[in-house]
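Chemist: Residue numbers (the numbering used here): 165 to 450. Backbone N, C-alpha and C define an ideal beta-carbon position, used for all residues, glycine too.
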Amino acid sequence: MPARRALLTLTAAAMLAGGVMSPAAAVGDLEQQKRALDRQVAAVRAELRESSDAAVMAAVRLKEARMQLPSARAALAAAEEQVASAQLRDAQAARDLVDAQRAEKKAARELSATELRLAETERQLGELARAAYQQGGLGGIEVVLDSQTPKEFTDGIVAVGAVLDSESDLYDVLTVQRADAARQRAALASIRVDVAQLRDEAAAHLGEVTRLLAAARAAEEQVDTLITQRRSAVRAAEAARVEDERREAQLEAESARVQDVLRDLARQARAEEAAEAAEAAAQAEA
């Protein structure tokens, strides 16, 4: 600053000594320069007030954004807990589904085997019925009545009884097998309903939890983005404020230097006037 002031003073003095500019003109030029600098200082001060207010507002908005982050993170944590719980339930549901599918396959195999046995029993009964029909219904009894010896009679009675017992047993088996088949069909249908319900419930629950998690993550990302934007705004506002302060200080220093030069020129002018007055007085006395 002293060097700048000395340069301005020497420049003004040289212009005055060389007759380039009168003292009044030099002072007027510097005063005009000073007024221009003061106007710039006033303008920069207004900008500084605005940039300072903007920096404060940006800081307030950043604080507000940061205050939203805990709730967003809490919502995300809660959603993640729900997802973790849902994943456990889904894993259990998947195991239940596998068990149900295995039970479905087992029931289907059992039903198939029962139906095969039922078909075989019906076939055997059909053969007995055909044999009885071919023998005229009482063919076995007629054979017994036509027997010639006691042994033939006894053997005939045993044979007829065996046929009748076999037929009765087959009817009993057929009744049981038909009941088993009906029960197994009902069980299989129920299992298939359970399997379908398990699939639907697992898909619906997982879909809902997935949506919740996506919404929570989006909310956190939105808050993070807002914080990033407002942090950038704070930095920009602070940089603008610092720049305005720098310009204000620079212009004030320049104005002060011009003011110092004006004071130096005023002192120089007063000294010159005093010297001229003294010289004029001396000449008058002579």
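If L390 and A229 are in contact, beta carbons under 8 Å, what's the gap, nearest whole angstrom?
Modeler: 5 Å
Chemist: Within the same chain, show all residues whose beta-carbon is closer than 7 Å to that of E268, passing over the 5 residues directly before and after it, in chain order.
Modeler: Exclusion of the five residues before and after E268 leaves L352, I355, R356, V359 as the residues of its chain whose Cβ lies within less than 7 Å of its Cβ.
Chemist: Using the C-alpha atoms, what's the distance from T374 back to A248?
Modeler: 11 Å
Chemist: For my contact list, E365 and A257 are in at a C-beta cut-off of 8 Å; report their separation, rounded to the angstrom.
Modeler: Separation of the CB atoms of E365 and A257 is rounded to 7 Å, and the pair is thereby assigned contact status at 8 Å.
Chemist: If you drop the 5 nearest sequence neighbours on each side, which residues of the same chain put their C-beta closer than 6 Å to that of L426?
Modeler: L194
Chemist: Comparing C-alpha positions only, which one of D388, D408, D424 sits nearest to K227?
Modeler: Comparing Cα positions, the closest option is D388.
Chemist: For L212, which of M221, E409, A264 has the nearest alpha-carbon?
Modeler: E409
Chemist: Give me the Cα-Cα distance between Q386 and R363, rounded to the nearest whole angstrom.
Modeler: 34 Å
Chemist: Can you tell me whether R394 is buried or exposed, with buried defined as 16 or more other CB within 10 angstroms of its CB?
Modeler: buried
Chemist: Determine the contact status of Q423 and K198, defining contact as a CB-CB distance below 8 Å.
Modeler: Result yes, Cβ atoms of Q423 and K198 sit closer than 8 Å.
Chemist: CB-CB under 8 Å to A383, same chain, minus the five flanking residues each way: which ones, in chain order?
Modeler: A236, A239, L240, listed in sequence order.
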